[in-house]
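Colleague: Heads up: the sequence shown is residues -11 to 176, going by my numbering.
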Amino acid sequence: MVEEVVDVHGGLDVMVANAGVAPWGSILKVDATEWDRVMAVNIRGTFLCYKYAGRQMVAQGRGGRIIGASSVAGKMGFPFLPAYCASKFAVMGLTQATAQELGKHGITVNAYAPGPLNSELMQSLASDSPQDTGTSVEEWTEFMRKMIPMGRFGDLTDISDLVSFLASSGAKHITGQNISVNGGSHCS
-11 MVEEVVDVHG GLDVMVANAG VAPWGSILKV DATEWDRVMA VNIRGTFLCY KYAGRQMVAQ
49 GRGGRIIGAS SVAGKMGFPF LPAYCASKFA VMGLTQATAQ ELGKHGITVN AYAPGPLNSE
109 LMQSLASDSP QDTGTSVEEW TEFMRKMIPM GRFGDLTDIS DLVSFLASSG AKHITGQNIS
169 VNGGSHCS
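1. Taking the runs of the beta strand (DSSP E) that are 3 residues or longer, which of them lie wholly in the stretch 42 to 93?
2. Using the Cα positions of C175 and A61, report the straight-line distance between them to the nearest angstrom.
3. To the nearest angstrom, how far is the alpha carbon of Q48 from that of A57?
4. Determine the closest residue to T21 out of A71, G164, S152, I95, with distance taken between C-alpha atoms.
5. Terminal residues of the continuous alpha helix (DSSP H) containing I95?
6. Which partner residues does N166 have in the DSSP bridge list?
7. Whole angstroms are fine: how far does the CA of F68 sit from the CA of S14?
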């Protein structure tokens, strides 16, 4: 992927590792195959993006921006999302470690941590939740919405606006951060 971008565009200045799967289920029922799939997508994929983007940016010698997808579930645990939480906590650790290592090359490394969003992932969680929470999809969705002081789920532009900023020169002295975008639902 990195080689193709370099071949077409002559270099790599920004890498956004934007992937995530979040299967719903009790820790008592998650099987190792599902656990491994979540880790492969959410943390191994992020690791590979960071590694190869970092190599390219160091070789270019002009700095760069590496941005990863974390989650509010990478800052606090949530029931019925054990693999997702573990993987997103791992993204936070990987982001901080990589920022410490690559900072001397002028490369910033940050992650964004969405809370509840109007997204396919949120719809999937809502549809899977009744089996474990004893609530309807509508009740669970309303419960989640009420946890947000801003009174609404985030939308994808809330995330893309932050990512655009982190990719810009305005964020040249921000690194090693896992920035929440959640309407105040979880403050840190």
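Where is the CB? At the ideal position from N, CA and C, for every residue including glycine.
Since the model is a prediction, treat every value here as computed from it, not as a measurement.
Modeller: Short version:
1. 52 to 57
2. 12 Å
3. 24 Å
4. A71
5. Per DSSP, I95 belongs to no alpha helix (DSSP H); it is in the beta strand (DSSP E), 95 to 102.
6. A99
7. 5 Å
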